[in-house]
Amino acid sequence: MSLLDDAVPQDEQLRDRARIFEKFLESDSALYNYKDEIHRLLRLDQTRLLVNIDDLRDFDRDSANGLLKNPVDYLPAFDTALTQVVQHVYDPEKHDIASKTYHVGFSGSFGDHHVSPRTLHAAHLGKMISLEGIITRCSLVRPKMLKSVHYCPETSTFYSREYRDATSSSSNLPPTTSLLPQTDDDGHTLQTEYGFCHFQDHQRISIQEMPERAPAGQLPRSTDIILDDDLVDKCKPGDRIQLVGVYRSVGGGSNGAFKSLIMANNINLLSSKIGGGIAQTPLTDTDIRNINQLAKRRDIFSLLSESLAPSIFGHDHIKRAILLLLLGGAEKNLPNGTHIRGDINLLMVGDPSTAKSQLLRFVLGTAPLAIATTGRGSSGVGLTAAVTSDKETGERRLEAGAMVLADRGVVCIDEFDKMSDVDRVAIHEVMEQQTVTIAKAGIHTSLNARCSVVAAANPIYGQYDIHKDPHKNIALPDSLLSRFDLLFIVTDDVEEKRDRTIADHVLRMHRYLAPGLEEGTPIHDNLSQPLSVEGPGSNLDVEAVETSPFEKYDPLLHMGMQQSGRLTRHNKPKKMEILSIAFVKKYIQYAKSRTAPVLTKGAADYIVEVYANLRNEGMEGNKKKTSPLTARTLETLIRLSTAHAKARLSAKVEHRDAKQAEEIMRFALFREVPKRQRRKKRKLNNGAAALKGSVDGSDDGETDESEDEQETASAERMTTPTATQSRSTAPPAAQPPDDPIWGDDSQDVPMAEDHSIPSTASLPTADGTVRPER
């Protein structure tokens, strides 16, 4: 076979560099072993070897600097070296390397070559850079021709031609023409043999800087990236990635401005989410041990729910509902094709300034995948899917909306009542069937949108009118309300004691000072937060340092939890325990990854009974219910019970799970809080109960009752204000010196005025001197 173009001479310098890289890949070191990595590469049938650039810097500093500053000369040499090492070590019987091209991908520290799309300047052209961002657009994957083969029937010879453009990886060589040859040098016609031609995958994506890192008031910048071969389809729109690549100018611009692209070399999906990517944090064995140990506690559910949004006072039932929503029920796909959703939807309707949006913000930060929209700012198409036409090819394509992007996650919709009716109808299908069906512009398809919806809305009159029925306050149709599993009405009741405790809680938060800061120091936003990266050379031991799941109790931040004044059986204040948010995330992630719990007979019977009772109470009409009682209510009870069993890491849904589900359901429907039971009975039969417990060998009755007490104590906190033990009203003289809440090192000062010195003490004595008490 003869070449239509001149053969490219092998460069002497290229061979010398390839020899150095070959020596590096075959070298033995205590820190790295790339020979094993190459064997693994062959075994898994991959073509890209990940090399940490710090290892290369230890081996030969000049080569590492050359790679960063002049990748066009050094990268082809490294790829050549890898191909030669592979040819030395491969086993012809097991591995087929004939048709493969091997590449090297880089990770590690890039120093001043670590940039963002905003700080990418002309000085970086032709250099290897590393940048982080969020992917906004991906093109389709198209084949690109590398080599064509042609046959001449007249002379019976084969010809081949290689193609290079400005984006090829070995592009220190000049680009060739992209036209297929029609005749050979003597003018004989050629036929293209497409079966023998070589193609490779090719894709373009756009990366945009993280929205939270863009300076205030400026639009985030973006840049285009070209992915070739094995890097295509490594990421999808919405992912946060760290990208290593070569920044090049490809010409073709007008007015003296040239187009510039990044040729991707390695893509790392970011594991930590500060805002949007899926944050599956790696669980260490210590974490799993802590999770399983805590799951054995009887009060694990209340402990988890109290640790959610500790800066928000009260709202105990809503916090429990949010915990169940984050855990989710069990999804069922029946053999006949029926899909029963497992996601829980929640709607909060109520007065302004009752922390509805703050709870949404909290869900946004805690859920592994969460997308936020608002009622006015999103259209029905933006929530579901849009059909657009591609600029380059002109063909139609589907762009996913917020709910499709949040598949297996949570969608938070604020100002839900401000949405227009036309747009709100688009959500109906997603909330029950969990699909988005599209039939327009010749596209007929159904997209998955298995997400939970958390929405917040205001009533019709701006403020909730308690004298009117709930459905006259909520301007939403019943068809939509029945799709929400839980509908909470949050009212802002005027009640002096409760207002005082809330004011005390808010003022404590405003007086909180982050540790290590002096008063009056301006707190700077840290915009250059490094994100952790999964993959070789990444340091995942940062989180492993914190072993305790509990957070240190801070009276300024967590006082809202103390306000309920819980007492233990011996009338001592209960020791406050708060789980750290990072641990709660891990707990939820671990609980969701286990197999879904199975309904037991006891729980199923109890759910049937509760459902029948609720329907009858709803029919009687003397109670004002918030949402219609339909068969969906029954499914809600099953979902809530399953989620509660998940919180206990139990494999079965038991009677007590169903009981908790009923309590939350009753509160959402009628704002009912179960009364404290067995109070008198316990006083009378204290000895008998103890005797029964010792005989049965199980203290089931007692723990049930104590659990009930715990739950009702925290539940009553929300509707009926409890007698709070606000420190602000008690005189400091009454405080014991070794107070469990206020330690000596507390940065707090009592809010009430000091009554310990008599008021007369402030007056001087008759002869003008200071009194001894003063």
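In UniProt numbering, the protein residues as written are 1 to 774. The beta carbon of each residue, even a glycine, is placed where N, CA and C say it ideally should be.
Between the options, which lies nearest to residue i when the distance is taken from Cα to Cα?
i	options	result
S378	A591, M419 and I288	M419
G462	R656, V51, D492 and M263	D492
Q589	Q200, R408 and E193	R408
V598	S641, Y102 and Y163	S641
L304	D657, N613, V349 and F583	F583
T630	E518, L481 and P92	L481
S446	E399, H505, T119 and L140	E399
A370	Q358, V410, A386 and G401	V410
A321	P335, S311 and E306	E306
I300	S627, H505, I340 and S650	S650
H505	D91, G314, A402 and V454	G314
A647	A455, A591 and Y32	A591
A402	D390, E395 and V381	V381
P117	E26, Y247 and L507	Y247
A295	D316, Q660 and Y587	Y587
L383	G394, K391 and A406	A406
What do you get for residue i, buried or exposed, if any count of 16 or more other CB atoms within 10 angstroms of its CB means buried?
i	result
Q87	exposed
A603	buried
G195	exposed
Y163	buried
N65	exposed
G187	exposed
I466	exposed
Y512	exposed
V453	buried
R289	exposed
T501	buried
A475	exposed
S107	buried
H644	buried
S627	buried
N292	exposed
R594	exposed
S148	buried
What number of angstroms, rounded off, separates the C-alpha of residue i from the C-alpha of residue j?
i	j	result
S29	L56	11 angstroms
T80	N70	16 angstroms
E22	F110	22 angstroms
A439	V404	16 angstroms
A309	A355	11 angstroms
R483	P477	10 angstroms
V436	G126	44 angstroms
M348	Y464	12 angstroms
K236	A123	29 angstroms
Q433	D423	17 angstroms
T167	M263	7 angstroms
T633	D485	7 angstroms
R450	E429	11 angstroms
D62	Y74	11 angstroms
residue 778	F24	Any question about residue 778 goes unanswered here, given that the chain covers just 1 to 774.
L669	E519	47 angstroms
L324	R666	15 angstroms
L219	K234	26 angstroms
V490	P459	10 angstroms
L364	S311	15 angstroms
L49	Q13	23 angstroms
Q563	R213	Here Q563 scores only 47 on pLDDT, less than 50, and its place in the model is too uncertain to base an answer on.
H510	A77	60 angstroms
L487	T284	37 angstroms
L31	R15	27 angstroms
I53	S389	41 angstroms
If residue i and residue j are in contact, beta carbons under 8 angstroms, what's the gap, nearest whole angstrom?
i	j	result
D184	Y159	6 angstroms
D201	V232	4 angstroms
T366	I581	7 angstroms
I413	G375	6 angstroms
Step through the CB atoms of chain B and report whether any lies within less than 7 angstroms of the CB of residue i.
i	result
K234	You won't find chain B in this structure, because it holds only one protein chain.
Are there any heavy atoms of the ligand HEM lying less than 6 angstroms away from the beta-carbon of residue i, as far as the coordinates show?
i	result
Y163	Here there are no bound small molecules, and the ligand HEM is not part of this structure.
Original post:
Do the stretch 256-268 and the stretch 217-228 meet, that is, are 3 or more Cβ pairs less than 8 angstroms apart?
Top reply: A contact exists between the stretch 256-268 and the stretch 217-228.
Original post:
Would you call the stretch 630-645 and the stretch 317-333 in contact, with 3 or more CB pairs under 8 angstroms?
Top reply: Touching, per the Cβ criterion.
Original post:
Touching or not, the stretch 122-141 and the stretch 241-250, by the rule of three or more beta carbon pairs under 8 angstroms?
Top reply: Remark: three or more beta-carbon pairs, one from each stretch, lie closer than 8 angstroms, so the stretch 122-141 and the stretch 241-250 are flagged as touching.
**OP:** Spell out a yes or no on whether the stretch 203-214 and the stretch 132-143 are touching, meaning 3 or more CB-CB pairs, one atom from each, closer than 8 angstroms.
**Re:** Of all C-beta pairs linking the stretch 203-214 to the stretch 132-143, three or more are shorter than 8 angstroms, placing the two stretches in contact.
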